[in-house]
Amino acid sequence: MSVVAPRCESLITVERLGPALGAAVSGVDLNAPVDAATFAAIKDAFHEHLVLLFRDQWLTPAAQVAFTERFGPVEGHPLKSRRALDEASGVHVLENLPGHRGGRNDWWHSDISFGAIPPALSILHARAIPEGGKGDTLFCNMYAAYASLSPGLRRVLDGLTAVHDARKLIARNESVENDEQPIALRLPPAEHPAVRTHPETGRRALYVNDYFTLRFGDMTEAESRPLLEFLIAHATRPENVYRHRWRKGDVIMWDNRCTMHYALYDYGPSEVRVMHRTTAAGDRPR
Ligand code: OGA
Ligand code: MN
Numbered sequence: 001m002s003v004v005a006p007r008c009e010s011l012i013t014v015e016r017l018g019p020a021l022g023a024a025v026s027g028v029d030l031n032a033p034v035d036a037a038t039f040a041a042i043k044d045a046f047h048e049h050l051v052l053l054f055r056d057q058w059l060t061p062a063a064q065v066a067f068t069e070r071f072g073p074v075e076g077h078p079l080k081s082r083r084a085l086d087e088a089s090g091v092h093v094l095e096n097l098p099g100h101r102g103g104r105n106d107w108w109h110s111d112i113s114f115g116a117i118p119p120a121l122s123i124l125h126a127r128a129i130p131e132g133g134k135g136d137t138l139f140c141n142m143y144a145a146y147a148s149l150s151p152g153l154r155r156v157l158d159g160l161t162a163v164h165d166a167r168k169l170i171a172r173n174e175s176v177e178n179d180e181q182p183i184a185l186r187l188p189p190a191e192h193p194a195v196r197t198h199p200e201t202g203r204r205a206l207y208v209n210d211y212f213t214l215r216f217g218d219m220t221e222a223e224s225r226p227l228l229e230f231l232i233a234h235a236t237r238p239e240n241v242y243r244h245r246w247r248k249g250d251v252i253m254w255d256n257r258c259t260m261h262y263a264l265y266d267y268g269p270s271e272v273r274v275m276h277r278t279t280a281a282g283d284r285p286r
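For the sequence shown, our numbering assigns the number 1 to the initial residue and increments by one for each residue that follows.
Now the structure itself:
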């Protein structure tokens, strides 16, 4: 456990959740305005640990938006794939309810990487979770995934782009396994570097994922698939993963520029899981 007081006035406690990534932050109430010193300490912890957990927060939608805004403009989902709250349009609701199945995310992904400028970070607030430890979310460290490749493969990837699109997400929303609305909107595919430099830490992270990355630039899908499969398997080895067991009231924020996540779908269609989700805008991947 480490106590971080970078600007003296703030005293939050930051405790690692595991060796790969993730830390729990205590000593802050996110429903109240976060002072500058505390915010700076949270940001430092976020850059070091990539995923932050705040327990026992009962955030109002307005407070969730206000906290997210500190990191960047709060955005809606470009495909409007989920319901937004009437009272806070920046808050999306991921819900699995009797008679309404939705919010499945059981693919390794980085949020909205099919967009031209994907969100920097996402924040999820657990309002209801299934009994018995179901519906965990897994996170993996994409800095470590890149750094642990051979120099030869790193050099190859440094010269590649990757093409991302939303076709699997659209197909899932429209399939019988889901009761979400069909997605009417379409976006052109986005091409991003396969390895990106984090704009704030300057560190290099692998930037491909299993949900949205279709192929490498100037390569076919068939040519790309074996390397993509290798990279996803490499990045998601258990040693590189933190698995979060949710408690009601948890708030988790993750950095989409240097992590992937996967929401386990190990609960039934009538089990209740409700999450409030916000995202803060990012930069064009470079
Ligand atoms: C998301 C997501 C994971 C979860 O909101 O982008 O992938 O555990 N959610 O619900
Ligand atoms: Mn996601």
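Just so it is clear, CB atoms sit at the ideal spot from N, CA and C, and this is done for glycine as well.
Pairing LEU59 with PHE71 gives a Cβ-Cβ distance that is not under 9 Å.
Taking 9 Å as the cut-off, the Cβ atoms of GLY268 and GLU180 do not count as close. Cβ atoms of PHE212 and SER113 come within 8 Å of each other, at about 5 Å.
Short of 6 Å from the beta carbon of LEU157, and not among the five residues preceding or following it, lie these beta carbons of its own chain, in chain order: ALA194 and VAL195. Comparing alpha-carbon positions, the option among ILE12, SER10, LEU11 and ARG16 lying closest to HIS244 turns out to be ARG16. Contact between THR220 and ASN141 is absent: CB atoms are separated by about 30 Å, not below the 8 Å threshold. GLY115 is the residue among LEU21, ASP35, ASN31 and GLY115 whose C-alpha sits nearest the C-alpha of HIS77. Here PHE54 is buried, its C-beta having at least 16 other C-beta atoms within 10 Å.
Residue pairing by DSSP places ASN141 opposite THR259 in a beta bridge. Comparing C-alpha distances from GLU239 to each of ARG247, SER148 and ASN178 shows the shortest one belongs to SER148. Along the length of the segment 147-174, whole beta strand (DSSP E) runs at least 3 residues long occupy 161-164, reported in chain order. ASP210 sits close to HIS109, with the two beta carbons spaced by under 9 Å. For THR278, the secondary structure class from DSSP, reduced to helix, strand or coil, is strand. Going by C-alpha positions, THR38 is about 12 Å away from VAL14. Of the candidates TRP107, SER122, PRO98 and ILE42, SER122 places its Cα closest to the Cα of VAL91. Distances from the CB of HIS49 to the heavy atoms of the ligand MN are all 8 Å or more.
Per the Cβ contact rule, the segment 127-137 is in contact with the segment 264-282 (3 or more Cβ pairs under 8 Å). The criterion of a C-beta distance shorter than 9 Å is not satisfied by SER81 and LEU206. Residue environment analysis places GLU75 among the buried positions, since at least 16 neighbouring C-beta atoms fall within 10 angstroms of its C-beta.
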